[in-house]
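Some notes on the structure that comes next.
Residue numbers (the numbering used here), protein chains in the order written: chain W, 1 to 171; chain A, 1 to 328.
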């Protein structure tokens with residue numbers, strides 16, 4: 001009896017879970033799109049997403065998120081970034097989760113994340129003894145060079161650009 | 001069609017379903033996988049400790065507007081209801097205790113579920129600091145909890161054996177558990193590689209063979225600039241990265257077929273170990289490589305742990321006998 005209930009309950013879960021996984025990759029399909037919309041709570045509630053892009057496409061550049069704070073008297077100050085630029089000759093043991101946050105914030109649609117990062121930067125600036133009234137987020141981006149250019153000059157630099165991601169008032 | 005035929009057909013389908021998902025297999029392999037999974041969960045929890053305040057703390061980085069909307073199916077996390085960072089450290093410490101108890105197998109399934117809940121609570125609070133490896137760990141841990149994963153190599157198993165001894169009963173036979181967790185892990189890996197392969201197939205860099213070169217070129221992901229520079233700065237190095245790109249692309253697309261067919265299974269798993277080893281050495285991907293290689297254990301013969309145990313015991317016995325002979 002106990003085994004029967006276990007098998008039946010788990011079978012229902014398995015069918016729903018596998019269907020949701022399949023439907024999540026066919027969201028634009030006429031049949032699977034509605035199935036996904038009805039069933040996606042299984043993924044959202046349990047946090048069992050099935051997005052596996054994994055370097056498709058690969059990153060074409062190196063980006064660092066930098067902060068520029070403005071104090072109450074209009075002075076511009078630098079705020080400690082989530083992760084500092086690495087120096088040449090680096091080696092890292094540990095996966096840096098703060099860098100992952102920074103990398104996630106560059107997409108246009110992620111305004112709420114950038115706002116949360118800015119709010120935290122305000123807090124850290126105040127803790128460091130330099131309270132600011134506004135924080136500007138800047139993406140310091142250097143593109144990877146094409147293979148042939150790199151072979152010709154291994155120490156050369158790729159195209160570089162600073163991109164403003166927005167200014168946020170401190171709470 | 002007569003009703004009896006329909007009922008017979010349904011019964012046949014159900015028999016196949018039960019065989020596929022619930023057939024009993026030896027519990028040793030799953031027991032050892034639980035130990036390793038517990039270790040990965042504990043390492044993740046420890047890894048997050050130093051940055052906990054900034055990642056999920058009251059003044060940290062999280063979607064404030066979403067948090068203020070309270071508990072919903074899409075967002076439930078106890079971190080939204082803990083007002084101080086001290087409280088969060090305590091709860092995160094308790095999560096570590098649950099991870100370690102899961103690893104040693106005390107109240108295995110309960111501790112496993114608690115570990116998954118703790119992991120998901122972090123994700124719900126701030127999903128942006130977690131990567132695919134974290135997700136894989138969470139999913140695989142959840143699958144393990146669907147079966148009695150503490151039936152072997154655990155405190156639970158030791159307590160049960162001690163209880164039987166005290167009651168004067170014979171030691172229990174090697175326990176058997178449903179195969180469903182191993183099946184889900186197998187399907188998860190095959191699905192993950194297939195989806196990843198299809199997405200890579202549509203990417204120009206993967207088609208041109210330059211994807212591994214560009215992945216290693218970025219200081220955001222590269223483990224070390226001096227380690228990868230021989231691959232990036234020379235024509236020969238680039239050719240090697242091209243081979244790596246092509247092998248990865250085709251292997252991911254066809255992993256499901258290679259692993260399904262017994263003669264190519266070892267090849268698929270061997271290439272996977274090499275690729276994930278290379279990824280871990282060259283790129284910062286957290287626990288992704290460990291979790292993937294861990295999942296390969298589900299593709300081994302179901303009694304692999306018992307076979308290793310028997311071999312080890314026999315070897316120990318032979319050594320003891322050789323030692324005795326030498327003494328006499």
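The beta carbon of each residue, even a glycine, is placed where N, CA and C say it ideally should be.
Close CB contacts of residue 72 of chain W within its chain, under the 6 Å cut and outside five residues either way in sequence, are with 133 (chain order). Contacts with chain A at 8 Å (Cβ-Cβ) do not include residue 141 of chain W. Within the segment 82 to 165 of chain W, the runs of beta strand (DSSP E) at least 3 residues long that lie entirely inside it are, in chain order, 134 to 143.
Residue pairing by DSSP places residue 64 of chain W opposite W/140 in a beta bridge.
The beta carbon of residue 31 of chain A lies closer than 8 Å to those of 105, 149, 150, 151, 152, 153, 154, 157 and 305 in the same chain, with the five residues before and after it left out. Check the Cα spacing between residue 41 of chain A and each of A/100, A/84, A/8 and A/23: the tightest is with A/100. Nearest in C-alpha terms to residue 248 of chain A, of all of A/230, A/119, A/268 and A/237, is A/268.
Under the three-state reduction of DSSP, residue 238 of chain A is assigned to helix.
The beta carbon of residue 211 of chain A sits closer than 8 Å to some beta carbon of chain W. Annotation for residue 294 of chain A: 33, 36, 37, 40 and 140 place their beta carbon closer than 8 Å to its own, counting only its chain and skipping 5 residues before and after. Contact with chain W is found for residue 218 of chain A, since one of that chain's Cβ atoms lies less than 8 Å from the residue's Cβ. Taking the C-beta atoms as reference points, residue 165 of chain A is found no nearer than 8 Å to residue 96 of chain A. Those residues of the segment 116 to 140 of chain A placed with their C-beta closer than 7 Å to a C-beta in chain W are 120, 123, 124, 128, 129, 131, 132, 135, 138 and 139, ordered along the chain. Using a CB distance cut-off of 8 Å, residue 59 of chain W counts as an interface residue toward chain A. Chain A places no beta carbon closer than 8 Å to that of residue 131 of chain W, leaving this residue out of the contacts.
Ranking W/60, W/19 and W/112 by CA distance to the CA of residue 49 of chain W puts W/19 first. A straight-line Cα-Cα distance of about 27 Å links residue 270 of chain A and residue 225 of chain A. Taking 8 Å as the CB threshold, residue 314 of chain A stays off the interface with chain W.
The residue among A/107, A/3, A/20 and A/13 with its C-alpha nearest the C-alpha of residue 184 of chain A is A/20. Nearest to residue 110 of chain A by C-alpha distance, out of A/121, A/98, A/88 and A/120, is A/98. In the same chain as residue 279 of chain A, and ignoring 5 residues on each side of it, the C-beta atoms closer than 7 Å to its own belong to 285 and 289, in chain order. In the same chain as residue 111 of chain W, and ignoring 5 residues on each side of it, no C-beta atom comes closer than 7 Å to its own. Your pair residue 24 of chain A and residue 176 of chain A checks out as a contact, with CB atoms roughly 4 Å apart and the cut at 8 Å. Within the segment 95 to 118 of chain W, those residues whose Cβ lies closer than 9 Å to any Cβ of chain A are, in chain order, 95, 96, 97, 98, 99, 100, 101, 102, 103, 104, 105, 110, 112, 113, 115, 116 and 117. Between residue 216 of chain A and residue 129 of chain A, the gap from beta carbon to beta carbon reaches 8 Å or more.
By the Cβ test, the segment 83 to 97 of chain W is not in contact with the segment 228 to 246 of chain A, since fewer than three Cβ pairs between them sit closer than 8 Å.
If the five residues before and after residue 287 of chain A are omitted, its C-beta is found closer than 6 Å to the C-beta atoms of 40, 133 and 137, all from its own chain and listed in chain order. Listed by position along chain A, the residues whose Cβ is nearer than 7 Å to that of residue 86 of chain W are 219.
Going by DSSP, residue 110 of chain A is part of the alpha helix (DSSP H) stretching over 108 to 125. In summary, the residues of the segment 194 to 210 of chain A whose CB is separated from some CB of chain W by less than 9 Å are 194, 195, 196, 197, 198, 199, 200, 201, 202, 203, 204, 205, 206 and 210, in the order they occur in the chain. When DSSP reads this structure, residue 178 of chain A sits in a beta bridge with A/24. For residue 90 of chain A, there are no neighbours in chain W by C-beta distance under 8 Å, as the nearest C-beta there is about 21 Å away.
Look at the segment 193 to 281 of chain A and you find these whole runs of alpha helix (DSSP H), each 4 residues long or longer: 204 to 208, 211 to 217, 225 to 232 and 235 to 260.
For the segment 48 to 75 of chain W, residues whose beta-carbon sits nearer than 9 Å to a beta-carbon of chain A comprise 48, 49, 50, 51, 52, 53, 54, 55, 56, 57, 58, 59, 60, 61, 62, 63 and 64.
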